[in-house]
Each structure stands twice: as C-alpha cells, then as structure tokens.
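Just so we're aligned: the first sequence equals residues -1 to 759 in the working numbering. Ideal Cβ positions, reconstructed from N, Cα and C, are used throughout, including at glycine.
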Amino acid sequence: MEILGWLLDIYANREDGLVLWLIGEDGKRYRLHQAFSVTFYAAGPAPRLRVLWQFLRDQPQPVLLARTERRELFHSQPIPLLAARVLNAADQPSLFKAASKAFPDLTYYDADIPLALRYHAVYHTFPLAYCRVRVDAKNQIQHIEPLNSPWDIDSVYPPLRILTISPEHDPSHAPPQSLKIHYEHNEYELPLKPTRSLLIGLAALLRRYDPDLILSAWGDTWLLPYLLEHSRALNIPLPLNREAKHGIDQRPDRTYFAYGQVIYRGGQIRLFGRGHIDVCNAVLFGDYGLDGVLEMARVTGLPLQGAARLSPGTGISSMQMITALQDQILVPWHKQQAERPKTALDLIQSDRGGLVYQPLIGLHKNVAEIDFISMYPSIMVHFNISPETVGEHLPNAQPVPALNLFVDQQNYGLVPRTLEPLLNKRINLKTHLASLPRWDPRRKRYKAWASAHKWLLVTCFGYLGYKNARFGRIESHESVTAYGREALLIAKEVAEDMGFTVLHMYVDGMWIKKEGASHADDFQPVLDTIIERTGLPIALDGIYRWIAFLSSRLDKRVPVANRYFGVFQDGSLKMRGIETRRKDTPPFIAQTQRTMLERLAKVQDANQLSQALPELVHILRQCLADLRAYRIPIKQMLVSQKLSRTIEEYRTPSPAARAAAQLQAIGKITKPGQRVRFVYTRGKPGVYAWDLPTPPEPAILDIERYTTLLLRASSTVFQPFGVDEESLRDWVIANAGYAAPPGILSDGKSRAPLWTASLSV
DNA sequence: TACAGTCGGGG
DNA sequence: GTGTACGACTGTA
C-alpha cells in the first residue's frame, strides 16, 4: 500500500523498532514501523578495542561488530574504529551507556545522536515532511521518500488537529478554578472540580477529537502533572499519549548557566504519537508562535516537542550533526564536562568581540542606519570559517585580519555548509515578503519563519566559541569577530570617503549622515561600495527623521553605546537600552515612557520637537497624579526580576531575593533563573511578593520610590533637550505640585488613566 | 565610596 | 542536551 502524508513523530520502541506517525492526506493517522539499525563507534588502542568487542558481543542487545575507518572533522586521514551496529534502535542508548561505563578510556563517536536526526540524515526527511511511503500488510515501511524540502518556502502545511487547554490564570499566583478548552470551532470551559468529571470529560475529548498537538498554558509545569497525578489517584485513565505501548516522557526542571546569566527551565512533559507544547515554557513562543516552532523543527530536524523547548545551541548543533552524518564525518560524543573558570589571561587573550565606536551625543536629523545582514553567519559562509578550516599554519590559506590565523580555502567547512541553505532561505523569504501585498496570509507565516531563522543564526556564532560544543573551536570564533571588525572599519572608511559623518558604530551597524542626504537614493552608493569592498550583504535599516544618542546618566559628557531613541521617516519608533526595553521596569512606567516618545514621534519637523515638551510634562503629571491617587492597578506596578542564585547565596539581599524569601516562607520555592514579581513597599523589607496569597494593601505601596523611577524614565526622554532629572522634578513637582495638578479631577469628573490605552490584561 | 546585583544585546 | 564578556546603572552597607 502507498500512503501520502506528513511526518509527525518518530521514536524508538522495543517491540517495533522505529515507530513513525504519519498524517495521511486521507485524514487518517498512521502508526507505521520500520527496522532501523543504529551504529556507534569507538576509537582507541587496538587491544582495548578487542576487549570492547568481546564485551559488546556478550551483551543481551543484538549487535553487529566490525572494524572500520572513518573521517574525524579535525583529521584529514580516516581513523581506525570499532563499529557497533545495534539492530534495534531502542537498544542503542542502554548498550552505549554500558560500554562507556566499562571503557571510559575510549573515544566514542555517533553515540548520542537523537534517533530522529539519524533517520532524517539517511532518508532526507524532516519533521512535517510531505512524504510518499510504501508499507506492507503489517504497516512495516518498505520505502519512504520526501516530496518536498525544508528549504522550500511554499510547502503545504499538514492539517494539524490542535487542542488548546489553558487555566483561566497563572497557577503560580493562585489556584485556577477551570480550564478553557479550544479546538476547531469549539470553545468551552471545564471546571477543575469535581476532578472525576474533569478527567472523564478530558479523556472523552481526547478519544473523540484525537489531536495531533496539545497546546497548553503551564502544561509542563502545572496542568499535565496535575492531571496525571489525579488520573493515577482516581484510577481514571487519561489517554494523553497516542502511543499505547509507551509511558509519558516526564523531565525535571533545571537551572543552568548560559548567555552570561542563570537560566531556569521548568519541567517538561512530552508525549508519543502526538505532541505537547506548553506555550509558557516554550522558547520564544511569544515571539514567533506555532509557525515559528514548526519552522524550527523543519530546519533543525528536531522533533516538534524538542524544537519548541530548545536551548541555545541545540538547534544549530542538530543541523551540524545532520550535515556530519550525511557527509560521513564522525560526530564526537558530547560529554557534559563542567567548564573550568577562565583565568584573567584567557579573558584578555580570547575575546575582543564586536567593534563599538561611541556615539556623538545629542539629537541628529536625517540619519541613516545601515546594518550588515546576519553579519556573523554571513562571514562564516563567505570566508569559509569553521572549526576545521581555521589554523595557525596553513598552506594556500587566507590570513585573518589582525590575527595570526589562517583560513583554508580548499575545503568547504562544516559550519558554512550547514548555514548556507538557512541563509539562502532567509534571503528568499525576505525577497518574497517585499513583494507580497499587505493582506496576504503568508506574510505572518513568513515573518515567524524569519524570526526562527534569526534565532538560529544568532546562536550559531556563540556556539563556535563554546568549549563544550561538538564542533567548536575558539580560534574560529575569534576569526569571525576579527572579520566583523574589519568589515565595520571598511564601512566607516567608505562612508567617510564619500563625505558622510559616522555618528555611531555598533558590532554590525552604523549610523551616518551628510548635509543634504535624506532619501534612500542618497545612501545607496555607500551601500553598494561597502558590499563591493567587504563582500558582505548590507542594507539600509531606515532613515531617521531624527535620532537622539544618549549620554551616561552619571556623567553627561560621556556617551553610552547603543542607548538611543529615534523616529524613522515612516513615523515608527526605534529605541534601545532605555527603561521601556528593560524587563524589570514596572509596566506603567514603561508605558508612560512610550507614550511620551510616541508624542514626540508625531512631530513632523524635527526642528519643532521642543515645542512638544510641555505636552510631555502634561503626560508625566497625569501619570504622577494617577500614582498619587492609587489609580494605577497593582499589576501595572509590578517589578519582575530574575534570581541569579539561591536565596542563601545572596550576600546583600536584593529586592528580588527578599520577595523570594517571602514566597519561600509560605512554601512557594523559587529557583535560580526564575523571575520573581513584587511591588516596592514602605519601610522594611521594602518589597511585597505578588504571588503571596493576598494582594498587597495599596496603603503600603512606596509611592515615593515609584515617583523616582517614573521621573528617571521620563528624564531619559527629556535628556536630549537639556533637561536633567533634577530640573524635571522641579518643573513637574515643585512648581506645579502634584497633589492637585491642573486639569486633573478639578471639575469632579473622572478621567481614564493614560496607560489603559494600550495596556490591557 | 565600594561592591553586589541586574540588565541589554539580536529582533 | 549549558555561546561569552562587558559596561551601565542601581541599591545597599
């Protein structure tokens, strides 16, 4: 029988070997299986390999052993190996674990590759691939071939059956009462109590609708554990899994260090035969939604549930593994070794990072921002930078600018080979996006895809320099930044040669202006020349009607890199580094700052900007009056900060640590990397945690402290006009008084607070 | 004043 | 299934 359909899930099963779920074009869901053997390799002294041979032969798992040789990334000559071909893929993890434990001295390859990646490498499939499959009478796969490619931009989506389940509010704040259920055109609420009817109702729904994907809110951290626990206790089976022969994959929460900070990931619950994605626990789900997750799975090869929860590096590492498998290059075993702290010398030597030129402080008109497109990944592809192509002494190699390193130009590197199709797809998408009309439904999808690609491309660079990366090497990382600095210096030279003033440079972007230049055409020759001189793609991000580069708050003569706000010619705002961008700014303050900037953005003539200042003061006074009169909802006053360590480890307890201590006192444990929400209160301890059982009394709120924060954020907006924080305070408070500001409630009528305009929920 | 703690960045 | 380093800034002792 031949089936056409989309590949939904792949996993190993002891009885059936590899299990593959297909969404048939006929609407049926097919559970197929296939004999799929998996090979791992060991290298080391011949006598030790002989002992390993005997050891593996005597294990219960069926395995075929052979001597062979293969290429390792950093060696041009193949290395001799013992190959262990495990006949049932389900046996591979346990067999490898036994071998590595008994023979820790040997070097292992292809030992810990996710099964789905191996399968995709062999058959050129990918998650959600549209496939033609031939099966026998027992649903055993005889032949499988993909009919599309992950690099297509016009692939047809599979008709996924999606069930959405979410409690009516955040369970960490207060116990929810009911679940909102949504699928196709059905929407209703299920009360959590009585639990028996909830479980019976859900079980019936799962059987009747049989979803491919369960999208939940807090499903990993609260809902599914809650349902599973009660399902066991009351002995009411709940068919969350589609696969009957499998348990549920339940993983604990964890805290780890990455991106220079502590990161917390909640526990996870993954299903078999269908997917579960907790939108609150999925990386960047808020940014790119389900479309982005599906795209992430397609291009990385990771199963849907993994793609939704991936950590930095996992996605790009998976793509590199598929490239290596297809090119018959050994994939090193990823031993988890604790990273030793760097010495001071390491720090000085290793990282010079991106190039930054301090901005010219103040207000500038008709400024163009030009950015290298995906600069670091473009450099890797264009200059062939890969761990194995960069070295100290290479013949026929190209020297890296300003470093004593060379790049091999004979062999195309693993990293550029992996990245090239991704970069091309991104360019292809951008070209299409530019030509699609505004109403076209594909726009949203393409934007989500591009956003997923962006994330992969950004993490890819960092991964090159990561000591524990399978395919990483610090020299290649340094070469990328060296080429980046060189490119930016060339760009600066080109712009200045053509009579432009360079106002600011930041890693991959440059802000320039010239008297009389205000249209895209005026800047095009600069762009063309930069592309010609560097070989790297660069684009005009936009032309600012005006832009303000801010100074240091501590010393107004000192500029601060990447702290600015400005308005493009189309009226849109761009701001970086200011309070509204910070996640620990209370929402009403962030909103007030944005409201003020939006008011400035309405001024057409940049020379008239200062005429808007009285209106900004009015906005500020209204907000202050609302604050004083307790008209601002407490939710808008919440500060959200991340815990960097356990509560006991704090030497001086930060506000977040004190709030976490309050939660701990009532048994709510917060772990490093988790966020804590709180309000500032008067006296000690100065904070009140939002997730305590009772909300804070308005009377204890520290209005003075919020006033200071509000004035500080406002003064950022006033800074380019020469109004500092002190003068602003005098202007707004001392002269006008804020107990009864003019025009506020003087006529006895109530007025809607400003911040409700764009802030609901 | 020193230093401990938090954040941004790319979009 | 863990990119790194740094600078700005705030709050506390």
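- What whole-angstrom Cβ distance do Pro670 and Arg643 have, given they're in contact under 8 Å? 5 Å
- Query: Which residue from Ile545, Leu238 and Thr253 puts its Cα closest to that of Asp603?
  - Reply: The shortest C-alpha separation from Asp603 is found at Ile545.
- Message: Using 7 Å as the threshold, is the C-beta distance between Asn86 and Gly15 below it?
- Response: yes
- Enumerate in chain order the residues of its own chain whose CB-to-CB distance from Ser164 is below 6 Å, with the five nearest sequence positions on each side excluded. Once the five neighbours on either side are set aside, the close Cβ partners of Ser164 are Lys178 and Ala215.
- Query: If you compare alpha carbons, which of Arg440, Leu699, Ile314 and Ser712 is closest to His616?
  - Reply: Among Arg440, Leu699, Ile314 and Ser712, the Cα nearest to that of His616 is on Ser712.
- Item | Extent of the continuous beta strand (DSSP E) run through Gly16 | Correcting the residue type first, residue 16 is Leu in the shown sequence and not Gly. That run of the beta strand (DSSP E) goes Gly15 to Gly22.
- Tell me whether Lys581 is buried or exposed, calling it buried when 16 or more other Cβ atoms sit within 10 Å of its Cβ. exposed
- For Lys174, which residues from the same chain have a beta carbon less than 7 Å from its beta carbon, with the 5 sequence-adjacent residues on both sides left out? This sequence places Pro at residue 174; Lys is not what is there. The residues are Pro165, Glu166, His167 and Leu190.
- Query: What number of angstroms, rounded off, separates the C-alpha of Asn364 from the C-alpha of Arg543?
  - Reply: 5 Å
- Message: With the cut-off set at 7 Å, would you say Leu353 and Arg483 are in Cβ contact?
- Response: yes
- Query: What is the DSSP secondary structure of Gly775, counted as helix, strand or coil?
  - Reply: The structure shown has nothing for residue 775, since the chain only spans -1 to 759.
- Item | Identity of the residue in Lys633, Glu646 and Ile314 nearest Val677 by Cα | Lys633
- Asn560 (DSSP reduced to helix, strand or coil): Here Asn560 sits in strand by DSSP.
- Query: For Val505, does the three-state DSSP call read helix, strand or coil?
  - Reply: coil
- Query: Under a three-way DSSP split, which group does Lys178 fall into?
  - Reply: strand
- As assigned by DSSP and simplified to three states, the class of Lys105: This sequence places Thr at residue 105; Lys is not what is there. Note: Thr105 maps to strand in three-state DSSP.
- Which term fits Arg48, buried or exposed, when burial requires 16 or more other beta carbons within 10 angstroms of its beta carbon? exposed
- Item | Ala765, enclosing alpha helix (DSSP H) - first and last residue | Residue 765 lies beyond the residue range present for the chain, which begins at -1 and ends at 759; the question has no answer from this structure.
- When DSSP labels each residue in this structure, what does Thr341 get in the three-state scheme? The pLDDT assigned to Thr341 is 37, lower than 50, so where the model puts this residue is not dependable; a value taken from the coordinates is nonetheless given after this. The answer is coil: DSSP assigns Thr341 none of H, G, I, E or B.
- Task: Whole angstroms is fine: what's the gap from Pro91's alpha carbon to Gln52's?
- Result: Distance between the alpha carbons of Pro91 and Gln52: 19 Å.
- Apart from the five residues just before and just after Trp149, which ones in its own chain have a Cβ nearer than 6 Å to its Cβ? Pro419 and Lys423
- Task: Report all residues from its chain with a CB closer than 6 Å to the CB of Tyr374; omit the five preceding and five following residues, and keep chain order.
- Result: Phe459 and Val478
- Note down, one range per segment and in chain order, each alpha helix (DSSP H) of at least 4 residues found wholly within the stretch 558 to 616. 585 to 599
- Message: So, at 8 Å on beta carbons, what are the nonlocal neighbours of Asp152 in its own chain, with the 5 sequence-adjacent residues on each side left out?
- Response: none
- Task: Buried or exposed for Leu343, please, with buried defined as at least 16 other CB atoms from any protein chain shown within 10 angstroms of its CB.
- Result: No answer about Leu343 holds up, because its pLDDT of 36 lies below 50 and its placement is not dependable.
- Item | Nearest to Leu614 (by Cα), restricted to the options Leu222, Glu596, Asp624 and Leu625 | Leu614 has its Cα closest to that of Glu596, out of Leu222, Glu596, Asp624 and Leu625.
- Test item: CB-CB of Ala657 and Ala697 under 7 Å: no
- Query: How do the stretch 442 to 450 and the stretch 469 to 476 stand: do at least 3 beta-carbon pairs fall below 8 Å, yes or no?
  - Reply: no
- Determine the closest residue to Arg252 out of Gly290, Arg307 and Ala654, with distance taken between C-alpha atoms. Arg307
- In three-state DSSP terms, what is His274? strand
- Item | Candidates Asn394, Phe381 and Val413: closest to Asp325 by CA position | Val413
- Task: Apply the 10 Å Cβ neighbour rule to Arg130 and answer buried if 16 or more other Cβ atoms are within range, or exposed otherwise.
- Result: exposed
- Query: Roughly how many whole angstroms lie between the Cα atoms of Val277 and Leu213?
  - Reply: 7 Å
- Message: In the DSSP output, what is Ala82 paired with across the bridge?
- Response: Phe38 and Leu63
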